[in-house]
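Q: In this note's numbering, the protein residues as written are 1 to 216. Each residue gets a CB set at the ideal place from its N, CA and C atoms; glycine is no exception. For clarity, every value in this text was computed on a predicted model and none was experimentally measured. Dropping a structure here in structure tokens format, bear with me for questions.
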């Protein structure tokens with residue numbers, strides 16, 4: 001039996017806007033991130049899920065709680081849904097990371113599966129924990145619908161797994177704060193249903209697309 005998994009990236013943080021690497025740090029949503037979370041919640045309010053899982057990092061949990069409030073579910077935190085553990089790069093801007101730790105930054109920038117970033121984890125380790133968690137959710141709720149709130153890195157893992165895209169290499173897809181993405185898992189088979197739904201964010205705006213129109 002197939003399981004539909006709706007995957008939402010957490011709302012925006014100030015560090016997203018600044019281009020600072022958040023990794024496993026507990027960073028909360030900024031004002032626009034809170035508005036994005038509410039917009040996602042409104043968009044999904046009429047949909048019914050069998051369970052809601054979230055990364056245990058604050059930016060994801062806050063987004064998940066906004067959605068859960070309208071779906072009468074409690075959020076189940078799962079550390080396997082965390083962002084990439086970036087070790088010595090954590091907290092740095094992209095420029096500073098490249099300047100201070102060029103080798104480690106190259107692993108991050110170029111999506112190199114191995115080795116791990118010093119004091120962190122490898123891309124392959126992240127991919128394994130994320131895809132194992134998603135497969136477990138699908139098996140546990142076979143034939144149902146599950147909501148997952150997570151981060152850009154785990155979303156990258158899901159897209160690549162569903163399209164058989166190699167771990168290493170540039171993205172040909174976008175990862176939007178507050179975006180809605182859907183995959184279907186049936187046993188070992190993954191496939192995309194929809195990706196990058198952002199119409200619900202048009203009034204608010206999201207990084208990498210458009211800012212809200214004047215007066216909104």
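Using CA atoms only, rank isn't needed, just tell me which of 174, 95, 135, 148 is closest to residue 2.
A: Measuring from the Cα of residue 2, the nearest candidate turns out to be 135.
Q: Buried or exposed: residue 205, going by 16 or more other Cβ atoms within 10 Å of its Cβ?
A: By the neighbour-count rule (16 or more Cβ atoms within 10 Å), residue 205 is buried.
Q: Please go through the segment 109 to 184 and give each complete alpha helix (DSSP H) segment of 4 or more residues, from N-terminal end onward.
A: Taking only runs of at least 4 residues, the alpha helix (DSSP H) segments lying wholly in the segment 109 to 184 are 123 to 140, 152 to 163.
Q: As a quick exercise: from 193, 185, 176, 194, pick the residue whose alpha carbon is nearest that of residue 37.
A: That would be 176, whose Cα lies nearest to the Cα of residue 37.
Q: Starting from the C-beta of residue 130, find all residues in its chain whose C-beta is less than 6 Å away, skip the five residues before and the five after it, and write them out in chain order.
A: Cβ neighbours of residue 130 beyond the five flanking positions: 154, 157.
Q: So what's residue 60 in DSSP terms, helix, strand or just coil?
A: In the structure shown, residue 60 sits in a helix (DSSP, three-state: H, G or I).
Q: Per DSSP, residue 53 forms a beta bridge with which residues?
A: 76, 148.
Q: Below 8 Å CB to CB, which residues in the same chain sit around residue 76 once its five sequence neighbours on both sides are set aside?
A: Taken in chain order, the residues that qualify are 51, 52, 53, 54.
Q: In whole angstroms, give me the CA-to-CA distance for residue 31 and residue 124.
A: Cα to Cα, the separation comes out at about 33 Å.
Q: Tell me which same chain residues have a C-beta within less than 7 Å of the C-beta of residue 162, skipping the five on either side of it?
A: Excluding residues within five positions, the ones whose Cβ falls inside 7 Å are 183, 190, 191, 192.
Q: What does the alpha-carbon distance come out to for the pair residue 145 and residue 188?
A: If you take the alpha carbons of residue 145 and residue 188, they lie about 17 Å apart.
Q: Could you name the residues of the same chain whose beta carbon sits closer than 8 Å to that of residue 239, not counting the 5 residues immediately before and after it, in chain order?
A: What is shown of the chain runs 1 to 216, which leaves residue 239 out entirely.
Q: Taking Cβ to Cβ, would you say residue 66 is nearer than 8 Å to residue 97?
A: Not a contact, by the Cβ cut-off of 8 Å.
Q: Could you tell me whether the Cβ atoms of residue 91 and residue 118 are closer together than 8 Å?
A: No, the pair does not count as a contact, with Cβ atoms beyond the cut-off.
Q: Indicate whether residue 11 and residue 25 have their beta-carbon atoms separated by less than 8 Å.
A: Going by C-beta atoms, residue 11 is not nearer than 8 Å to residue 25.
Q: Output the distance between the C-alpha atoms of residue 49 and residue 101, rounded to the nearest integer angstrom.
A: Whole-angstrom Cα-Cα distance: 43 Å.
Q: Alpha carbon to alpha carbon, how far is residue 85 from residue 16? Give it in angstroms, no decimals.
A: Their Cα atoms are separated by approximately 16 Å.
Q: Excluding the 5 residues preceding and the 5 following residue 142 in the sequence, name in chain order all residues of the same chain whose CB lies nearer than 7 Å to its CB.
A: So the list reads 1, 3, once near-sequence residues are dropped.
Q: Can you check whether the CB of residue 27 is closer than 8 Å to the CB of residue 150?
A: Not a contact, by the Cβ cut-off of 8 Å.
Q: Helix, strand or coil for residue 201 per DSSP?
A: Residue state, collapsed to three classes: helix.
Q: Looking only at DSSP bridge pairs, what is residue 7 linked to?
A: Answer is 148, 181, bridged to residue 7.
Q: What residue range is occupied by the uninterrupted alpha helix (DSSP H) comprising residue 18?
A: Counting along the chain, the alpha helix (DSSP H) containing residue 18 begins and ends at 14 to 18.
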